[in-house]
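Per our numbering, residue 270 is the first one in the sequence shown, and the count goes up by one each step.
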Amino acid sequence: MKLNLPKYVLAATLIAIGCSTAKQDMVSVKEKQLPIDRKVDSVLNLMTLEEKIGQMNQYNGFWNVTGPAPKDGDAAVKYEHIKKGWVGSMLNVRGVKDVRALQKIAVEESRLGIPVLFGYDVIHGYKTISPIPLAEAASWDMEAIENSAAIAAAESAASGLNWTFAPMVDVTRDARWGRVMEGSGEDTYLGSAIAVARVKGFQGDLGEFNVAACVKHFAGYGFAEAGKDYNTVDVNKSTLHNIILPPFKAAANAGALTFMNSFNDVDGIPATGNTYLQREVLKKDWNFQGFVVSDWGSMGEMVNHGYAKDLKQAAEFAANAGSDMDMESHGYVMYLAQLVKEGKVSEDKINDAARRILRVKFQLGLFDNPYKYCDEAREKATVGKKEFHDGVLDMAKKSIVLLKNENNLLPLKKQGQKIAVIGALANDKTSPLGSWRIGADDGTAVSVMEGLSQYKGNELVYAKGADVALGAPAFTVETKINMTDKSGFEEAVNAAKNADVVVMVLGEHGLQTGEGRSRVNIGLPGVQQELLETVYKTNPNIVLVLTNGRPLEIVWADGNIPAIVEAWHLGTESGNAIAQVLYGDYNPSGKLPMSFPRAVGQMPLYYNHKSTGRPNYNGGDSVFWSHYTDESNEALYPFGYGLSYSSFEYSNLKLSNNTLNQNGKITVSVDVKNTSNVNGKEVVQLYLRDLFGSVTRPVRELKGFELVAINAGQTKTVSFEIDEKTIEFYTANNQWEAEPGDFKVFVGGNSKASLEAGFTYSK
270 MKLNLPKYVL
280 AATLIAIGCS
290 TAKQDMVSVK
300 EKQLPIDRKV
310 DSVLNLMTLE
320 EKIGQMNQYN
330 GFWNVTGPAP
340 KDGDAAVKYE
350 HIKKGWVGSM
360 LNVRGVKDVR
370 ALQKIAVEES
380 RLGIPVLFGY
390 DVIHGYKTIS
400 PIPLAEAASW
410 DMEAIENSAA
420 IAAAESAASG
430 LNWTFAPMVD
440 VTRDARWGRV
450 MEGSGEDTYL
460 GSAIAVARVK
470 GFQGDLGEFN
480 VAACVKHFAG
490 YGFAEAGKDY
500 NTVDVNKSTL
510 HNIILPPFKA
520 AANAGALTFM
530 NSFNDVDGIP
540 ATGNTYLQRE
550 VLKKDWNFQG
560 FVVSDWGSMG
570 EMVNHGYAKD
580 LKQAAEFAAN
590 AGSDMDMESH
600 GYVMYLAQLV
610 KEGKVSEDKI
620 NDAARRILRV
630 KFQLGLFDNP
640 YKYCDEAREK
650 ATVGKKEFHD
660 GVLDMAKKSI
670 VLLKNENNLL
680 PLKKQGQKIA
690 VIGALANDKT
700 SPLGSWRIGA
710 DDGTAVSVME
720 GLSQYKGNEL
730 VYAKGADVAL
740 GAPAFTVETK
750 INMTDKSGFE
760 EAVNAAKNAD
770 VVVMVLGEHG
780 LQTGEGRSRV
790 NIGLPGVQQE
800 LLETVYKTNP
810 NIVLVLTNGR
820 PLEIVWADGN
830 IPAIVEAWHL
840 GTESGNAIAQ
850 VLYGDYNPSG
860 KLPMSFPRAV
870 GQMPLYYNHK
880 STGRPNYNGG
890 DSVFWSHYTD
900 ESNEALYPFG
910 YGLSYSSFEY
920 SNLKLSNNTL
930 NQNGKITVSV
940 DVKNTSNVNG
950 KEVVQLYLRD
960 LFGSVTRPVR
970 ELKGFELVAI
980 NAGQTKTVSF
990 EIDEKTIEFY
1000 TANNQWEAEP
1010 GDFKVFVGGN
1020 SKASLEAGFT
1030 YSK
């Protein structure tokens, strides 16, 4: 019997509550009062094996859903699968009109009328674009990051979507990897806090302006060898549990509804087929109740890895390992029913996967109203709201990091100056949107020139200087730009000659970072470095504004340019945010979430490294210690670093006790004084070092931070608490625990903090 959704809800509810007849309105009330698991099981009991497997199948958008049905080819097959109830989710179908049309097919033409999930890569905004996630991480402001995710969720939900493939919580230490722009940088503690903020922002209370989050990539993707995307990963168990997994666990604890596995292998087994990661850690140890979706085609890629002999075996491995939904490999829909009949995959595992997917659909309210996200009036009223622009502008300003400011070149004077603005990126309205903003329209960002033009007291002169080389085609960019063209240098030099200040906007185009965009050389692309040096010879009074999606190698600039501003790819309101910081209407407070290298040869580079057996120079002519012979070990700008138009002084570090006892705590306090005449904010950072353990420990680890507003001349006392949870790690006993030992405490404004104290922990 064919049941549309109202009939289906009635039938499923009657099974769940054991009734044979009831009025539909009365049943609806009772049905809503049932625990979700009972509702899920009531649905599962109605489903055939093929329909259960169908829930595990995700297709990419494949035809004009508001037009006529496809009559032949792959699109026609997929269309028929939707009508059969063999599709659990669609991706890249967006906009209320299209979503409603496709949902109507699933709900009204399939046997059981089970609604479909609609997923999309809403990474840092839908139409109104926030800064790239790496930039947001530089704010260290969890409230702002949560609000940014909530804005993205509201616009995407109003546009018919109910699932985003974010947040990416991969810890990464290698700036060559293009996807550093999509994550929170090199630190586990900061990354965990941001993971929670973004999950909360996306999901909220799962109302009409919220979407399901998808935590990715589980796990180890950020450790791709040589920073090369999709590459193999080789990590030990200590690194996996102490560095890579904590942000995922934090996101799971925050209620994330879905996870995505990763392209890479872990311990020689591709993540999509990795039972240890998906069944043992995620679903058993962490008691995760949501579902796991594969990354695009990653099931089929297990054949390329040399792990599975063909797609059928890949489907077997993935299903048994706990990968619940197949994104665009087609392996489940093609082979799972056969694999069950052959006894290679148990129907219990199919039931578990289908149950998890159905549970998420119930949690999102799709069974109560499959068209919950399909209100055209809401779409029109929501997307692009002024308050969203205000929100992403606030986020953008908080994301900017002041790296250098000699001679108080910044903030700029607001009147009476001639300012030369140089660089193709200064006049670009697309690049600031960054990578992974596929719902946005090109040309919709505020350019730096437009932002600076809001200040009328100075004369602005613009010169492009040189194009930014894009390299390989990316998304809408289809042509390579001449990487050696210096024909615009003369115009740039002439603009700089008589200028009081030169603002040079250089860096990477927004599409030079992101998935598949790893770089061997991470300096300024093309001839931009030569342009910078040429203009410097004419007028050294330069403010360098960097717009980029990864840490760059800028040693020459650090040694010569008096003022450097890290402005990332800041989204829709980019130019306004940069202008307000340059002119001092916003006092920058951002801190780096990734270390900036002195040379690309330092990669991977991170502050929380191990000591090694020979960490230090012992004097004399010795070369037998852990170092380079041609460059410092240290980062150019370390993790946690960032200046302000204010200046801050740390003093009076105190511990309430020098011994931490079992079930006890220690209070750490420090005085922070704003020694300038400018009100400002400072990110006060707490680091610990465990001096010895059952496995080797990092030289220091971030264990707390607080963003504090301090008025000019004011001193504030900032406090942190340390307890057993603070010092826990994944030990040689293969469990999280606090081990007795000695610890150092460091507090300051970056990971090189020098104020130091110590305590002992004993059980």
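In this text, a Cβ means the ideal position worked out from N, Cα and C, and glycines have one as well.
Since we're looking at a predicted model, the values are computed, not measured.
Original post:
Start and end of the alpha helix (DSSP H) containing Val309?
Top reply: First-last of the alpha helix (DSSP H) with Val309: Ile305 to Leu313.
Original post:
Can you tell me the Cα-Cα spacing of Tyr490 and Val947, whole angstroms?
Top reply: Taking the CA atoms as reference points, Tyr490 sits about 42 angstroms from Val947.
Subject >> Sufficient close CB pairs (3 or more, under 8 angstroms) joining the stretch 994-1011 to the stretch 958-973 >> reply: With a cut-off of 8 angstroms, the stretch 958-973 and the stretch 994-1011 count as touching, because enough Cβ pairs lie within range.
Subject >> Reduced DSSP category for Ser358 - H, G, I as helix; E, B as strand; rest coil >> reply: If DSSP states are grouped into helix, strand and coil, Ser358 belongs with the strands.
Subject >> Backbone secondary structure at Ser916 - three-state DSSP >> reply: Under the three-state reduction of DSSP, Ser916 is assigned to coil, being neither helix nor strand.
Subject >> Own chain residues within Cβ distance below 8 angstroms of Gly394, not counting five before or after >> reply: Hits under 8 angstroms: Ser417, Ile420, Ala421, Glu424, Val661, Arg706, Gly708, Ala709, Gly840 and Thr841.
**OP:** Tell me whether Pro967 sits in a helix, a strand or coil according to DSSP, three-state version.
**Re:** In the three-state reduction of the DSSP assignment, Pro967 falls in the strand class.
Subject >> Nonlocal neighbours in the same chain, by C-beta distance under 7 angstroms from Gly859, ignoring five residues either side >> reply: Cβ-Cβ distances below 7 angstroms link Gly859 to Ala407, Ser408, Lys667, Ser668, Ile669, Val670 and Gly911 in the same chain, with the five nearest sequence neighbours on each side left out; the list follows chain order.
Original post:
Taking three-plus beta-carbon pairs below 8 angstroms as touching, is the stretch 592-602 in contact with the stretch 552-568?
Top reply: The stretch 592-602 and the stretch 552-568 touch, with no fewer than 3 CB-CB distances between them shorter than 8 angstroms.
Original post:
With burial defined as no fewer than 16 other Cβ atoms inside 10 Å of the residue's Cβ, what is the status of Trp894: buried or exposed?
Top reply: The residue in question, Trp894, is exposed, as its Cβ has fewer than 16 Cβ neighbours within 10 Å.
Original post:
Helix, strand or coil for Asp754 per DSSP?
Top reply: Assignment of Asp754 by DSSP, reduced to helix, strand and coil, places it in the coil class.
Original post:
What are the boundary residues of the alpha helix (DSSP H) that Asn829 is part of?
Top reply: Note, Asn829: alpha helix (DSSP H), Val824 to Asn829.
Original post:
Which one or two residues does DSSP pair with Asp1011 in a beta bridge?
Top reply: Its beta-bridge partners are Thr1029.
**OP:** State yes or no: is the C-beta of Leu800 within less than 8 angstroms of the C-beta of Val737?
**Re:** Against a cut-off of 8 angstroms, the Cβ pair of Val737 and Leu800 comes out as no contact.
**OP:** Tell whether a beta-carbon distance below 8 angstroms holds between Pro436 and Ala462.
**Re:** No, the pair does not count as a contact, with Cβ atoms beyond the cut-off.
Original post:
Among Leu318, Leu976 and Lys396, which residue has its Cα nearest to the Cα of Glu648?
Top reply: Of the listed residues, the one whose Cα sits closest to Glu648 is Lys396.
Original post:
In whole angstroms, what separates the C-alpha of Val937 from that of Leu403?
Top reply: The alpha-carbon atoms of Val937 and Leu403 are separated by roughly 29 angstroms.
Original post:
Rounded to a whole number of angstroms, what is the C-alpha to C-alpha distance between Gly844 and Glu616?
Top reply: Within the model, the alpha-carbon separation for Gly844 versus Glu616 is close to 55 angstroms.
**OP:** Just tell me which of Ala1001, Val977 and Asp992 has its CA closest to the CA of Lys985.
**Re:** For Lys985, the closest C-alpha among the options Ala1001, Val977 and Asp992 is that of Val977.
Subject >> Neighbour-count burial assignment, Ser567, 16 or more Cβ in a 10 Å radius >> reply: The residue in question, Ser567, is buried, as its Cβ has 16 or more Cβ neighbours within 10 Å.
Original post:
Quick one: what does DSSP say Val561 is sitting in, helix, strand or coil?
Top reply: In the structure shown, Val561 sits in a strand (DSSP, three-state: E or B).
Original post:
Whose C-beta lies closer than 6 angstroms to the C-beta of Ala291 among residues of the same chain, with five residues either side of it excluded?
Top reply: Only weak support exists for where Ala291 lies, its pLDDT of 31 falling under 50; the value from the coordinates is given anyway. Correct list: empty, nothing qualifies.
Original post:
Buried or exposed: which applies to Ser531, given that a residue is buried once 16 or more other Cβ atoms fall within 10 Å of its Cβ?
Top reply: Result: buried.
Subject >> Cβ contact check for the stretch 498-507 and the stretch 451-459: 3 or more pairs under 8 angstroms >> reply: Below 8 angstroms, too few C-beta pairs join the stretch 498-507 and the stretch 451-459 to call them touching: fewer than three.
Subject >> Contact set for Leu633: own chain, Cβ-Cβ below 7 angstroms, skip 5 residues either direction >> reply: Within the same chain, and ignoring the five residues on either side of Leu633 in sequence, the residues whose Cβ sits closer than 7 angstroms to its Cβ are Asn431, Leu475 and Ala481.
Original post:
Out of curiosity, what's the CA-to-CA distance linking Thr748 and His778?
Top reply: Because the pLDDT at Thr748 is just 44, under 50, the model does not fix this residue reliably, and the value given afterwards should be weighed accordingly. Their backbone Cα atoms lie some 13 angstroms apart in a straight line.
Subject >> Segments of 3+ residues assigned as beta strand (DSSP E) that fall wholly inside the stretch 815-892 >> reply: Counting only runs that start and end inside the stretch 815-892, the beta strand (DSSP E) elements of at least 3 residues fall at 832-835.
Original post:
Do you know whose CA, among Asn930, Ile383 and Gly933, lies nearest Asp637's CA?
Top reply: Comparing alpha-carbon positions, the option among Asn930, Ile383 and Gly933 lying closest to Asp637 turns out to be Ile383.
Original post:
Going straight from the alpha carbon of Ala836 to that of Ile322, what length do you get?
Top reply: When rounded, the distance between both Cα atoms is 46 angstroms.
Original post:
How many whole angstroms separate the CB atoms of Asn943 and Ser915, which I take to be in contact at a CB cut-off of 8 angstroms?
Top reply: About 5 angstroms separates the two Cβ atoms, so the contact holds.
Subject >> 6 angstroms CB neighbourhood of Ile830 in its chain, flanking five on each side removed >> reply: Cβ neighbours of Ile830 beyond the five flanking positions: Ile811 and Leu813.
Original post:
Is the beta carbon of Tyr1059 less than 8 angstroms from the beta carbon of Ser864?
Top reply: Lying outside 270 to 1032, the shown extent of the chain, residue 1059 is not represented and no answer is given.
Subject >> Cβ-based neighbour list, Ser1023, same chain, cut-off 8 angstroms, excluding 5 preceding and 5 following >> reply: Apart from sequence neighbours up to five positions away, the residues of its chain that approach Ser1023 with a beta-carbon distance below 8 angstroms are Phe1015 and Gly1017, ordered along the chain.
Original post:
According to the Cβ coordinates, are Leu551 and Phe528 closer than 8 angstroms?
Top reply: Contact: yes.
**OP:** Mark Thr745 as exposed unless 16 or more other C-beta atoms lie within 10 angstroms of its C-beta, in which case mark it buried.
**Re:** Low local confidence applies: a pLDDT of 41 at Thr745 is under 50, so the model's placement there is unreliable, and no value is given.
Original post:
Excluding sequence positions up to five away, which residues of its chain have a Cβ less than 6 angstroms from the Cβ of Asp443?
Top reply: Residues of the same chain with a CB within less than 6 angstroms of the CB of Asp443, apart from the 5 flanking positions on each side, are Gly496, Met872 and Pro873 in chain order.
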